[in-house]
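One structure is given below, encoded as structure tokens.
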DNA sequence: GTGAAAGCGCTAACAC
DNA sequence: GTGTTAGCGCTTTCAC
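This is the structure:
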């Protein structure tokens, strides 16, 4: 005996057993208000007793809506994503939606593959920090509702985490502590967030009249940050802001390896606030509401089911600085 | 204009355009060997030109197989899971399977809900650290292929991370460092892994003739660990083994708060090895191959598609100790 | 090797 | 209010 053997009762069985038409059974589940109380009760009773449950695949084929959505991220293991995924999943559940998860491993081709595979079986998709080109994304958006997190393309649904306010706070904070030379350690080159953060950093530093250095770490990993520590020191900056917490954490470790004290000799600021105070010293970081981003994205998506493509929504989430122990006055 | 408007070409359109029957188009995709080279070529050509792609929902309804699976975890944000999820997702892709992700938030009811929702639209499911009762799990296993990770139930497909070898190493390591009194800080009460680890800990300690204390932290979180630090100190133990790395990390922080030096005054051992050396001091921990667990689970699942329920497979992954800087000789 | 036709399980007009 | 009847897009016998 195997599972493929059709054991599950179908709508017809329930109909027969309850002495009604299949459509009536269907209605008993989807629009009970159009039926007599008694009919509904009887049908539901029989359904229950038979262990009947509507088959979502059949429903999907018939209605064209699957009640499934997809969530695609560049790297599940990057600590920024799990809270977002979790929040999105939870929110989706509120709308009775199941969510497919895709991990693109930061590769555009894989992201494309995943989307192609999902496209024909979901009601919509949310792309987090997509690595695809504007054109590719736009093409998918023509085929189905699509919302972007941390990617800013006109005439699309997007929720953006605006690093500017938090970055402004961070730079000001550092300036007030007496730092005159700051370094920015950048993350993935293709990341919208990275570009956004770097720009915000530069602007803020300029306004404060500070000298800036730019260091690129490419991948956003602990190791990559660790390796950047040396260049941070070499830059001559007395404080640095990293693209994200993971990188900052690595820098912390790298500096420790070099026997450079944080925050006494160099101050370090992260971005995302996903590590809490688990680093040592506890990281001063730019908080970014990744949970809210996940939730808003789902709501946005649902609100646009059955809508039309090319609606322009730009939901911006502000950021702010969380001061912990990795920043201090310049010595 | 909205997306629900059927824009995608169907098999019929391709058939008409190519001048063949729908069944032929179907075969061109699924069993081209039964068709003439020319026919296949022509059909595929037309399909391509029309942008036709088989509709997975229709295929699922017709064949009874959806090529989708589900992965359910207690908490996406717990660092143990992301690497596993990632590995599973990747492996699933190799088999051309899409994966639904469910987060039960450690709650049996939610896990049950998720499974109920997934059950009728997937070819199988893998449950990671399930919080469901044996009976419930068994019932689901009757309805579809189901593999368990870190849960040991007879006559089911399971992949288990056996903490015993690593735990043995850890306790021996601690004993060799001169520690005579060890504490175990336990995690979720309903967790199979926790029970397994605690038992392994006790057995190893007994063999070494060591005194043991047991401290329960309930939830496996950084904060929970932090709060347990005090009790670790109070227990009089000079070394402790935590249920997992997250808890250990919290204990590290809590100990620091209490000005208890690690490893000088107290040694701390974690479990999972998912934090790398990102803690301070770098955590000595029991490594557990969560990536392999994810991969094996998917393979096991796929191997059992179309098989029968009640097959007994017990794939055990060994563990070993990774020594870093959070353990040292007793002073 | 290819076609015709009967479903897969459900929904959605359209009748009555 | 409830039943009838077409499909939704594909697969799969069974013929030829």
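Residue numbers (my numbering), protein chains in the order written: chain A, 89 to 419; chain B, 89 to 419. Glycine included, each C-beta is placed from N, C-alpha and C at the ideal position.
I want to verify the contact list: residues of chain A whose CB lies under 7 Å from the CB of residue i, in sequence order.
i, result
"residue 148 of chain B", "145"
"residue 141 of chain B", "208"
For residue i, which three-state DSSP category applies?
i, result
"residue 192 of chain A", "coil"
"residue 269 of chain B", "strand"
"residue 367 of chain A", "coil"
"residue 358 of chain A", "strand"
"residue 327 of chain B", "strand"
"residue 411 of chain B", "coil"
"residue 148 of chain B", "helix"
"residue 421 of chain A", "Outside the shown range of chain A, which is 89 to 419, sits residue 421 of chain A, and nothing can be said about it."
"residue 205 of chain B", "helix"
"residue 165 of chain B", "coil"
"residue 234 of chain A", "strand"
"residue 379 of chain B", "helix"
"residue 220 of chain A", "coil"
"residue 287 of chain A", "helix"
"residue 241 of chain B", "coil"
"residue 158 of chain A", "strand"
"residue 198 of chain A", "helix"
Under the rule that 16 or more other beta-carbon atoms within 10 Å means buried, what is residue i, buried or exposed?
i, result
"residue 135 of chain A", "buried"
"residue 494 of chain A", "A question about residue 494 of chain A goes unanswered here, because the residues of chain A that appear run from 89 up to 419."
"residue 94 of chain A", "Residue placement at residue 94 of chain A cannot be trusted, given a pLDDT of 46 that sits under 50; what the coordinates show is reported in the next sentence. Classification of residue 94 of chain A: exposed, given that the 10 Å Cβ count is below 16."
"residue 195 of chain B", "exposed"
"residue 402 of chain A", "exposed"
"residue 197 of chain A", "exposed"
"residue 121 of chain A", "exposed"
"residue 345 of chain A", "exposed"
"residue 124 of chain A", "exposed"
"residue 337 of chain B", "buried"
"residue 323 of chain A", "buried"
"residue 292 of chain B", "buried"
"residue 199 of chain A", "buried"
"residue 177 of chain A", "buried"
"residue 414 of chain B", "buried"
"residue 147 of chain B", "buried"
"residue 243 of chain A", "exposed"
"residue 356 of chain A", "buried"
How far does the alpha helix (DSSP H) with residue i in it extend, from its first residue to its last?
i, result
"residue 312 of chain B", "310-323"
"residue 260 of chain B", "251-264"
"residue 113 of chain A", "110-118"
"residue 102 of chain B", "99-106"
"residue 432 of chain B", "As shown, chain B starts at 89 and ends at 419. That puts residue 432 of chain B outside it, with no answer to give."
So, under 8 Å CB-CB, residue i and residue j are touching, yes? Tell me the CB distance rounded to an integer number of Å.
i, j, result
"residue 157 of chain B", "residue 131 of chain B", "The Cβ separation is near 30 Å, so there is no contact."
"residue 411 of chain B", "residue 267 of chain B", "Not a contact, Cβ separation roughly 14 Å."
"residue 340 of chain A", "residue 350 of chain A", "6 Å"
"residue 388 of chain A", "residue 325 of chain A", "No, residue 388 of chain A and residue 325 of chain A are not in contact; Cβ-Cβ is about 39 Å, not under 8 Å."
"residue 265 of chain A", "residue 370 of chain A", "In fact, because the Cβ distance is near 16 Å, the residues do not count as touching under 8 Å."
"residue 362 of chain A", "residue 170 of chain B", "Going by Cβ atoms, the distance from residue 362 of chain A to residue 170 of chain B rounds to 12 Å, so no, they are not a contact pair."
"residue 237 of chain A", "residue 214 of chain A", "6 Å"
"residue 141 of chain B", "residue 208 of chain A", "6 Å"
"residue 110 of chain B", "residue 100 of chain B", "6 Å"
"residue 359 of chain A", "residue 372 of chain A", "Not confirmed; about 10 Å, so no contact."
Counting along the chain, where does the beta strand (DSSP E) carrying residue i start and finish?
i, result
"residue 212 of chain A", "212-216"
"residue 131 of chain A", "It is not in any beta strand (DSSP E) - residue 131 of chain A instead sits in the alpha helix (DSSP H) that spans 125-138."
"residue 402 of chain A", "401-405"
"residue 279 of chain B", "Where residue 279 of chain B is concerned, there is no enclosing beta strand (DSSP E), given that its DSSP letter is neither H nor E."
"residue 300 of chain B", "299-304"
Along chain B, in chain order, which residues have C-beta atoms closer than 8 Å to that of residue i?
i, result
"residue 310 of chain A", "364 and 366"
"residue 337 of chain A", "366"
Run down chain B in chain order and give the residues with a C-beta less than 9 Å from the C-beta of residue i.
i, result
"residue 385 of chain A", "The premise fails here: residue 385 of chain A is roughly 15 Å from chain B at the closest Cβ pair, so nothing lies under 9 Å."
"residue 174 of chain A", "163, 164, 165, 191 and 193"
"residue 341 of chain A", "365, 366, 368 and 370"
Starting from residue i, find everything on chain A with Cβ-Cβ shorter than 9 Å and list it in chain order.
i, result
"residue 171 of chain B", "164 and 165"
Note down, in chain order, every chain B residue with its Cβ under 7 Å from the Cβ of residue i.
i, result
"residue 188 of chain A", "186, 187 and 188"
Applying a beta-carbon distance threshold of less than 8 Å, which residues of chain A neighbour residue i?
i, result
"residue 206 of chain B", "186"
"residue 154 of chain B", "145"
"residue 177 of chain B", "164, 189, 190 and 191"
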